[in-house]
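Report on one structure; see the data block that follows.
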Amino acid sequence: MKTKINKEFAEAISSWLTIATVLTAGFYGVWEYLDHKSTVRVERSLAYVESYRSGYVSKSKLALNQLLADNEETLIAILKDEHLSDTERDTRYRSHILTMVSPALNRQNLEISFSFYEEIAICAERELCDANIIRSFFTADVTGFFNSYAPHVCSLRKQWNNDFVYKKIESFFISPKSDICQSL
């Protein structure tokens, strides 16, 4: 009788140990999978950082930064002109930005840069990239760039009758509730 109880007890312990082993292996597998997904997101994010610093986006961004630098004196003069009302100042600033970007090469460079920023925002929103890495590397650049060329973005939204043109950039990097065109 004692042997039968010991045998039943051993079988029960064996069953419970098997279940515990399977559960532990399952949890470990899930943990490994999630860790791998996190590693892939980080690697993908860093690939975007590298592309931004050395690829075609870098060349476009440098050309557009140079465009701003070449027009800095005029833009500052417009912003500091005390003889202009706020409305006149905004109108002149917007007009000058649109004149600056009117050549096809400048519009192409803007499209390259804005498309890249939109791509990384979508990547982070879909959790294909690490949102913290994307924000830490790009937010300052994107915010300044987006605000500098906001008249162009608003012009496209109006021209295409589409309030969502480059909206992903604005909502991810600036504010989810932001609408830069309302202030222009």
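Under this note's numbering, the first residue of the sequence shown is numbered 2, with each subsequent residue one higher. Note that beta-carbon positions come from the ideal geometry of N, C-alpha and C, so glycine has one too.
Using the Cα positions of residue i and residue j, report the straight-line distance between them to the nearest angstrom.
i	j	result
Val102	Leu85	23 Å
Tyr94	Ser39	44 Å
Asn72	Gly56	25 Å
Lys159	Thr75	25 Å
Asn162	Asn107	22 Å
Leu80	Arg90	6 Å
Ala141	Ile175	10 Å
Asp87	Ser184	11 Å
Asn148	Asn110	16 Å
Thr144	Ser137	12 Å
Asp82	Ala105	30 Å
Glu128	Val41	10 Å
Pro177	Tyr167	13 Å
Ser116	Gln67	19 Å
Lys60	Thr92	30 Å
His37	Arg54	Summary for His37: the model assigns pLDDT 48, below 50, so the residue's position carries little reliability, and this model does not support an answer.
Taking 8 Å as the cut-off, decide whether the C-beta atoms of residue i and residue j are in contact.
i	j	result
Ile77	Glu119	no
Ala151	Ile181	yes
Val58	Ser52	yes
Ser156	Leu69	no
According to the neighbour-count rule (16 or more other Cβ atoms, all chains shown, within 10 Å of its Cβ), is residue i buried or exposed?
i	result
Phe165	exposed
Leu35	Its pLDDT being 48, under 50, Leu35 is placed unreliably by the model, and nothing is read from it.
Ala125	buried
Val154	buried
What span of residues does the alpha helix (DSSP H) with residue i cover, start to end?
i	result
Asp142	Ala132 to Ser149
Asp91	Asp87 to Met101
Arg127	No alpha helix (DSSP H) holds Arg127; DSSP gives it neither H nor E.
Glu74	Glu73 to Lys81
Might you give, ordered along the chain, the residues of its own chain that have their beta carbon closer than 6 Å to the beta carbon of residue i, omitting 5 neighbours on each side?
i	result
Ile134	Ser46
Glu112	none
Looking only at its own chain, which residues have a Cβ that is under 8 Å from the Cβ of residue i, when we skip the five neighbours before and after it?
i	result
Val146	Note on residue identity: the sequence assigns Phe, not Val, to residue 146. The residues are Lys62, Leu65, Ser114 and Tyr118.
Ser179	Glu171 and Ser172
His97	Asn72, Thr75, Leu76 and Ile79
Tyr29	Unreliable placement is indicated for Tyr29, whose pLDDT of 47 sits below 50; the coordinate value is still reported in the next sentence. Taken in chain order, the list of residues that qualify is empty.
Return the chain-ordered list of same chain residues with a C-beta closer than 7 Å to the C-beta of residue i, the five sequence neighbours on each side being excluded.
i	result
Ile121	Tyr49, Cys130, Ile135 and Phe139
Ile123	Lys169
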